């Protein structure tokens with residue numbers, strides 16, 4: 001475990017730029033426009049929020065069983081000590097994304113079994129506990145979809161059909177509570193890399209984002225070193241999180257994946273999962289950039 005933590009720390013230090021944006025200058029008197037009033041902007045924003053809330057209410061709802069979630073290590077659906085690591089991750093993620101104006105984050109791992117889907121779902125539920133946020137989870141690991149099974153979903157949803165423009169996206173969306181939407185798959189999809197590289201999937205996701213206007217879109221993507229599916233999609237997200245498995249993921253794999261991600265998108269950090277030995281300074285196994 002010390003080797004992988006050391007590799008993560010070295011990679012972080014290597015990529016830090018150490019630059020700060022120049023402070024913004026106050027607008028001159030000639031540029032100040034006193035004729036535009038705040039209420040006009042507020043009315044527009046309020047109308048947009050009302051339309052968004054109405055659209056979200058049309059999405060079919062589901063209620064997972066708490067015992068099912070707990071059994072599958074999905075713990076952040078409620079405030080509890082076990083949810084604290086994901087709550088800390090949530091705070092760091094939102095601070096960075098708000099600062100940069102980002103909305104789309106992908107979650108991946110070097111190989112299978114590292115816990116990326118568990119991380120994705122716990123992060124989503126943690127974010128959804130903030131009632132002022134709208135969260136959308138999109139499952140793009142179409143070779144081995146697992147979210148429906150983890151959540152205990154029985155509904156016949158197959159979001160890959162929407163990505164291929166064969167069926168309307170709204171037919172394959174499910175809502176938990178008032179502010180968390182899932183777009184998942186019950187079965188695998190052949191030629192998923194080609195689907196993700198095509199213009200149809202990109203257009204569907206753009207229209208979905210424009211219509212539902214989520215504050216955060218979380219994409220559960222396939223492992224980087226298993227297929228080219230994730231590489232085909234990285235140019236469509238704002239940033240990415242890499243999930244590594246303690247005592248199993250090799251430092252060389254972490255470094256290779258970080259290089260692949262950094263060449264195509266912004267790397268938010270590395271999540272060290274399944275870590276049995278941590279001290280208080282380890283920040284719950286999350287290493288941000």
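Numbering (the UniProt record's numbering), first residue to last: 1 to 289.
A virtual CB, placed ideally from N, CA and C, is assigned to each residue, including glycine.
In this text, all values refer to a predicted model and were calculated from it rather than measured experimentally.
Exercise. How about residue 148 and residue 135: do their beta carbons lie closer than 7 Å?
Worked result: It is not a contact, given that the beta carbons lie outside the stated cut-off.
Problem set entry | Enclosing beta strand (DSSP E) for residue 239 [first to last residue] | 239–245 is the extent of the beta strand (DSSP E) around residue 239.
Problem set entry | Buried or exposed (CB count within 10 angstroms, at least 16 for buried), residue 172 | Result: buried.
Problem set entry | Straight-line Cα distance separating residue 101 from residue 247 | If you take the alpha carbons of residue 247 and residue 101, they lie about 35 Å apart.
Problem set entry | Best match in 238, 118, 210, 127 for proximity to residue 220 [C-alpha to C-alpha] | Distance from the Cα of residue 220 is smallest, within the candidate group 238, 118, 210, 127, for 118.
For this session: Compare the C-alpha of residue 58 against each of 253, 133, 120, 170 and name the closest.
Result: Comparing Cα-Cα distances from residue 58 to each of 253, 133, 120, 170, the minimum goes to 170.
Problem set entry | The alpha helix (DSSP H) enclosing residue 113, as first and last residue numbers | Taken as a continuous stretch (DSSP letters only), residue 113 belongs to no alpha helix (DSSP H), as it is neither H nor E.
Exercise. If we count the other Cβ atoms within 10 Å of its Cβ and call it buried at 16 or more, is residue 49 buried or exposed?
Worked result: Exposed, since its Cβ has fewer than 16 Cβ neighbours within 10 Å.
Exercise. First and last residue of the alpha helix (DSSP H) that includes residue 173?
Worked result: DSSP places residue 173 outside any alpha helix (DSSP H); the residue lies instead in the beta strand (DSSP E), whose first and last residues are 173–176.
Exercise. Apart from the five residues just before and just after residue 90, which ones in its own chain have a Cβ nearer than 7 Å to its Cβ?
Worked result: 123, 126, 127.
Exercise. Helix, strand or coil: which one does DSSP assign to residue 142?
Worked result: Of the three classes helix, strand and coil, the one that applies to residue 142 here is coil, per DSSP.
Exercise. Given that a residue counts as buried once 16 or more other Cβ atoms are within 10 Å of its Cβ, and exposed if not, what is residue 31?
Worked result: Low per-residue confidence applies at residue 31: pLDDT is 41, beneath 50, and the placement is therefore not dependable, though the value from the model is reported in the following sentence. Exposed, since its Cβ has fewer than 16 Cβ neighbours within 10 Å.
Problem set entry | Counterpart residues of residue 104 in DSSP-defined beta bridges | In DSSP, residue 104 forms a bridge with 217.
Exercise. Rounded to the nearest angstrom, how far is the Cβ of residue 240 from that of residue 234, given a contact under 8 Å?
Worked result: Contact between residue 240 and residue 234 holds: CB atoms are separated by about 7 Å, below the 8 Å threshold.
Problem set entry | Distance between residue 203 and residue 195 (C-alpha atoms, nearest Å) | Cα to Cα, residue 195 sits roughly 12 Å from residue 203.
Exercise. By Cβ distance, which residues of its chain are closer than 8 Å to residue 249, with the 5 residues on each side in sequence left out?
Worked result: 4, 109, 110, 111, 114.
Problem set entry | Where residue 79 sits in the DSSP three-state scheme | If DSSP states are grouped into helix, strand and coil, residue 79 belongs with coil.
For this session: Below 6 Å CB to CB, which residues in the same chain sit around residue 138 once its five sequence neighbours on both sides are set aside?
Result: Excluding five sequence positions before and after residue 138, the CB atoms of its chain that fall closer than 6 Å to its own CB belong to 183, 219, given in chain order.
Problem set entry | 7 Å CB neighbourhood of residue 228 in its chain, flanking five on each side removed | Cβ neighbours of residue 228 beyond the five flanking positions: 193.
For this session: Spell out the partners DSSP gives residue 61 in its beta bridges.
Result: Looking at the DSSP assignment, residue 61 forms a beta bridge with 175.
Exercise. Just curious, the beta strand (DSSP E) that residue 269 is in, first and last residue?
Worked result: Where residue 269 is concerned, the enclosing beta strand (DSSP E) stretches over 266–273.
For this session: With a threshold of 16 other CB atoms inside 10 Å of the CB of residue 207, please say whether the residue is buried or exposed.
Result: The residue in question, residue 207, is exposed, as its Cβ has fewer than 16 Cβ neighbours within 10 Å.
For this session: Determine, using beta carbons only, whether residue 75 and residue 83 come nearer to each other than 7 Å.
Result: Contact flag set, yes.
Problem set entry | DSSP-derived helix/strand/coil call for residue 185 | In the structure shown, residue 185 adopts extended strand secondary structure according to DSSP, grouped into three states.
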